[in-house]
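Residue numbers (my numbering): 1436 to 1541. As structure tokens, the structure follows; a few thoughts come after it.
This is the structure in structure tokens:
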């Protein structure tokens, strides 16, 4: 078989492949329209976004309280009053430890 026949066959094969590629390009997929349906529950145990039902019901109960602004501020202030003495004590102890180390190593 001569080299010219091989080249001719290769050219014909490439033409056929190019025609197939051009047909594939013209075929467009229809656009996906999300209808909002959920196929399955994506709240899978072990994933980082997993939230047990227990927590979601507690959260719903808290949302249903309908606290006023004054009540919410009072709750935040009460939480701060509970945690601030502990935080200040820890800060003073940490500062004292660094001061003691600085004086010791001097």
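Beta carbons: idealized from backbone N, C-alpha and C, even for Gly.
#### Entry: Inside the stretch 1468–1522 only - alpha helix (DSSP H) runs reaching at least 4 residues
The qualifying runs are 1488–1498.
### Message
Does residue 1540 come out as helix, strand or coil in the three-state DSSP assignment?
### Response
Correct three-state label for residue 1540: coil.
### Message
With a threshold of 8 angstroms on Cβ separation, who are the neighbours of residue 1479 within its own chain once the five nearest residues in sequence on each side are excluded?
### Response
So the qualifying residues of the chain are 1485.
### residue 1443 versus residue 1469 - alpha carbon distance
When only Cα atoms are considered, residue 1443 and residue 1469 end up about 50 angstroms apart.
### Query
Cα separation between residue 1505 and residue 1519?
In this structure, the straight-line span from the alpha carbon of residue 1505 to that of residue 1519 is close to 21 angstroms.
### Query
Taking only beta-carbon atoms, is residue 1513 less than 8 angstroms away from chain B?
Judged by its chain identifiers, the structure shown contains no chain B, having just a single protein chain.
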